[in-house]
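When the count follows our numbering, it moves up by one through the sequence shown with no breaks and lands on 142 for the last residue. The structure appears below as structure tokens.
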Amino acid sequence: MILASIIAKVYRDNIMVKYDQKYPQYLFKKNKGYGTEEHLKALLKYGPSEIHRKSYKRVMVI
Numbered sequence: 081m082i083l084a085s086i087i088a089k090v091y092r093d094n095i096m097v098k099y100d101q102k103y104p105q106y107l108f109k110k111n112k113g114y115g116t117e118e119h120l121k122a123l124l125k126y127g128p129s130e131i132h133r134k135s136y137k138r139v140m141v142i
């Protein structure tokens, strides 16, 4: 179970690095999509991208 969790995290992190190329303003390579201060500031400045989950409370209020 632990190994599967690690594999899933690495897989997701790699996807976020690829999204960083398409959406560099959100700093996905650095924050991996987590709600860091920098990421939230980018959301406020640029609005959510097509890959942001609109069901997340922080994205819904923007």
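Just so it is clear, CB atoms sit at the ideal spot from N, CA and C, and this is done for glycine as well.
Whole-angstrom distance between residue j and residue i, CA atom to CA atom
| i | j | result |
| --- | --- | --- |
| K125 | S85 | 33 angstroms |
| K98 | K109 | 8 angstroms |
| V141 | G115 | 14 angstroms |
| K137 | Q101 | 25 angstroms |
| V139 | Y91 | 23 angstroms |
| G127 | L107 | 14 angstroms |
Residue i classed as buried or exposed, judged by whether at least 16 other C-beta atoms fall within 10 angstroms
| i | result |
| --- | --- |
| L83 | exposed |
| M96 | buried |
| A122 | buried |
Residues near residue i in its chain [Cβ-Cβ closer than 6 angstroms; skip 5 each side]
| i | result |
| --- | --- |
| Y103 | S129 |
| G113 | M96 |
7 angstroms Cβ shell around residue i - same chain, five flanking residues per side excluded
| i | result |
| --- | --- |
| N111 | E118 and H119 |
| D93 | K112 |
Residues of its chain near residue i, where Cβ-Cβ distance is below 8 angstroms and the 5 sequence neighbours each way are ignored
| i | result |
| --- | --- |
| Q105 | A122, K125 and Y126 |
| K134 | P128 and M140 |
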